[in-house]
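Colleague: Pasting in a structure now, in structure tokens, and then I'll have a few things to ask.
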Amino acid sequence: MFLTKEAVRLAVKGVALGTACAECPSLESLMERYESAGGRYLVCPICVNSKQIDPSTFISGAEMGGTVQLWEWIGDGATAFSY
């Protein structure tokens with residue numbers, strides 16, 4: 273998952289809290305499931321730096337990386353990219 277703008281804060285330990293609705297799983301639970309399934313977070317370094325976030329506070333599976341690293345992860349098989 274590529275985190276940009278305000279979403280980079282989700283990569284910081286203790287920030288992903290709350291639920292979207294009464295019947296919804298918590299954001300923390302969703303992120304734990306994502307990580308357990310092998311998901312990882314690529315966090316925009318420009319956004320992190322502009323918000324003065326310390327990357328050492330990132331959750332497990334989160335790492336700094338921009339569009340170059342994103343395209344390397346996507347690989348040659350992608351025919352379209354949008355975000």
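If you read the sequence shown in the numbering used here, its first letter stands for residue 273, the second for the next number, and so on.
Ideal Cβ placement from N, Cα and C applies to all residues, glycine included.
Note that the structure is predicted; figures quoted are calculated from it, not measured.
Just curious, the beta strand (DSSP E) that residue 335 is in, first and last residue?
Modeller: First-last of the beta strand (DSSP E) with residue 335: 334 to 336.
Colleague: Kindly list the residues whose CB is nearer than 7 angstroms to the CB of residue 319, restricted to its own chain and excluding five residues on each side of it in sequence; keep chain order.
Modeller: Correct list, in chain order: 276, 277 and 280.
Colleague: With H, G and I counted as helix, E and B as strand and the rest as coil, what does DSSP make of residue 289?
Modeller: Residue 289: coil per DSSP, three-state reduction.
Colleague: Please name the residue in 325, 339 and 295 whose C-alpha comes closest to that of residue 285.
Modeller: Taking only the C-alpha atoms, the option nearest residue 285 is 325.
Colleague: Identify, in the order they occur along the chain, each residue of the same chain with its Cβ nearer than 6 angstroms to the Cβ of residue 330, setting aside the five sequence neighbours on each side.
Modeller: Correct list, in chain order: 283.
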